Every structure is written in C-alpha cells, then in structure tokens.
Amino acid sequence: MTIDAASGRAISSLDRLDSRFGDRAGEALPSTLIAFAAHLHALVRELQPSREEWRGFIALLKDIGEYSHDRRDEWMLISDLLGISALVEEMNACRPAGATPNTPRGPFFRADAPMLPLGSDICLDGKGEPLTVRGRVLDLHGKPVAGAEIITWQANAQGFYENQQPDDQPEFNLRGRFVTDEAGHFQYRTIMPSGYPVPLDGPAGELMKRAGLPSRRPAHLQFHVSADGFETITTHIFDADDPHLANDPLFAVKPELVKSFTHGEGQCELDCTFVMVRTLEEISR
Ligand SMILES: [Fe+2]
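Residue numbering for the sequence shown follows this note's numbering, starting at 5 and increasing by one per position.
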C-alpha cells in the first residue's frame, strides 16, 4: 500500500484514474467517456450501492443494449426520456429570441424522404382527417429564405410512424421533402397527426411504468429545415388542443412550437413559420 506523505492517507489505485486515462483523451478514448468514468466514480461514492444493486444496474444496461436493433434504438429512447437529448440540443443550438428552437429528432426520422412538388399530398393511404400545412421560412430579419429544404415526418391517426408499421403503411407514408419558393413559402397536404405513447414494451418503458412517469407524446408534426449559410433546424410543431402538452416525455414542448390547428368542414389547416439563424462562418464572411 502507498501512503500519501502529506495527508498520511492510503492512496487507492482508483485515485490514479486521471493519470491513467487523462492524457489519452482525444486519442484512443473519447473525452466524454473519460469524464463519464470520473463522474460515475463520484456517483458510486455518493450512492454507495451494494454489490447486488450494482449488478442489477449492469443487468439493466445489458437489457437496453439487447432491445436495440435497426428499427429500434432503446439507448436513444433512454437518452430522450431522461431529458439528455433535449439538453444536448439546447446546448448545441443556443439561438437568439425569435429564432425557431431545436428539439430532439427522435427515432423515426428518415433522411431519404422523397422530394415532392409544393402542394403534394404526403398521406399515401387516404386514412385520416385531411390537413393542409402552409409554412414560411424566414431569417431573423424577416426576409424569406428561398430554396430552403424542408423534410417533414409524422405519425398517422393511430399514432404510428410508417417505419414502425412496414406491413400496414405504404413506404414513405406521411413523409415528404419540399423546397421553399422565392418568397420562402411551402405548402403540402397531409392528415391530422395523433399523439402516441413512447415504446413501453422494453426496459425504458418498464422503468417509466414502474415510476408512474407520463409516456404519451402530444400530437405533433416534425420538421428538419436546412439552407445554405443557416443553422439546420430540427423541430416539432405541437397541436395546441392536445391535453398532454405539459407532460411530453421527451421534454420537447416549447411555447413557440405550440400552434392552433384550425378545424373547418372536412379540412384542417395549419400555418407555421420557421426562423433560421445564419451560421457563424456565414456571419463572419
Ligand atoms: Fe414524433
């Protein structure tokens, strides 16, 4: 055993965590993993779990890994449900007042959504209450952003995304890619989205059920908006009438993203505006 000369305290090999890992940061080991280990040490010292409790925690991590596959990312779900995904978005897309905020992208995005002419109908199975979405993309000064690319995706009236139901919904149902016109406008037809529970059949859902946490996401449309020289927006538009707005399990609801969908005779309508921020490289040019 080594004794620290100044304090007279026994030096544990664990005290050398920093010297073992610290100078390897950024080479073979991601710095996030090293910081994670250091914080985990502090947490274990604080919680002082028994061996059984620690084995139980390791078993939970193993379960989460075993539940993840091509169409299901249980790790991302845990990150979303703990609010970590929302925190990472907030820190990476810290935008001025008036700009559209980012929210977690969630697990159902597909980058290969088909490019469609403005005005197209993205509902391919004709099921649901028709909705027309009219939108505009502006910069912070209110000038239109022409040529911005909008990718949209949403759940159907039963609360399922097309890639959750490959046998029941046509491929690319309720997904589309559009480009804004000279005035920054875009428009398409779809159906009213439904809210939906996050997947509850895996370890993440089991934890939520046990803890009595809310699991239903309020109804929303999702958008990925990109344009040369601007920060990409990944965000939601939530239905102001949904009763679950206050308890979104993904922590994605922000006041500026809640909109009223107007209900007319056999036709609903939504007007929305996305405000983009120029990238730092673009500003410094
Ligand atoms: Fe969603």
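Here a beta-carbon is modelled for each residue, glycine too, at the ideal position from N, C-alpha and C.
Bear in mind the structure is a predicted one, so any value in this text is a computation, not a measurement.
Asked	Found
Near ligand 1: Ala159 beta-carbon under 7 angstroms from a heavy atom	yes
Heavy atom of ligand 1 within 7 angstroms of His224 beta-carbon	yes
Asp74 versus Arg114, Ala103, Asp172, Lys263, residue with shortest Cα-Cα distance	Arg114
Candidates Val281, Leu274, Ser288: closest to Gly139 by CA position	Leu274
Those residues which DSSP pairs with Ser230 across a bridge	Glu153
Cβ shell of Pro100 (< 8 angstroms), same chain only, five flanking positions each side left out	Leu144, Val281
Ile3, buried or exposed, once every other Cβ within 10 Å from all chains shown has been counted against 16	Because the chain in this structure spans residues 5 to 289, residue 3 falls outside the shown range and cannot be described.
Straight-line Cα distance separating Thr266 from Ala117	27 angstroms
Best match in Glu78, Ile195, Asn160 for proximity to Pro272 [C-alpha to C-alpha]	A quick correction: the sequence has Cys, not Pro, at residue 272. The option with the nearest alpha carbon to Cys272 is Ile195.
Proximal residues to Leu3 (C-beta, below 8 angstroms), its chain only, five neighbours per side dropped	With the chain covering 5 to 289 only, the question about residue 3 has no answer from this structure.
Start-end ranges of the beta strand (DSSP E) lying completely within the stretch 205-286, minimum 3 residues	224-230, 237-243, 272-280
Straight-line gap, Glu4 to Ser198 (C-alpha atoms, nearest Å)	Outside the displayed span of the chain (5 to 289) sits residue 4, for which this structure offers no information.
Span of the alpha helix (DSSP H) around Arg49	35-51
Coarse secondary structure for Ile62, derived from DSSP in three states	helix
Any non-hydrogen atom of ligand 1 within 7 angstroms of Arg221 CB	yes
In DSSP terms, what Tyr192 is bridged to	Val137
Met119 - partner residues in DSSP beta bridges	Arg181
Phe112: CB within 7 angstroms of a non-hydrogen atom of ligand 1	yes
First through last residue of the alpha helix (DSSP H) which encompasses Asp84	78-85
Bounding residues of the alpha helix (DSSP H) (the contiguous stretch that carries Val202)	Taken as a continuous stretch (DSSP letters only), Val202 belongs to no alpha helix (DSSP H), as it is neither H nor E.
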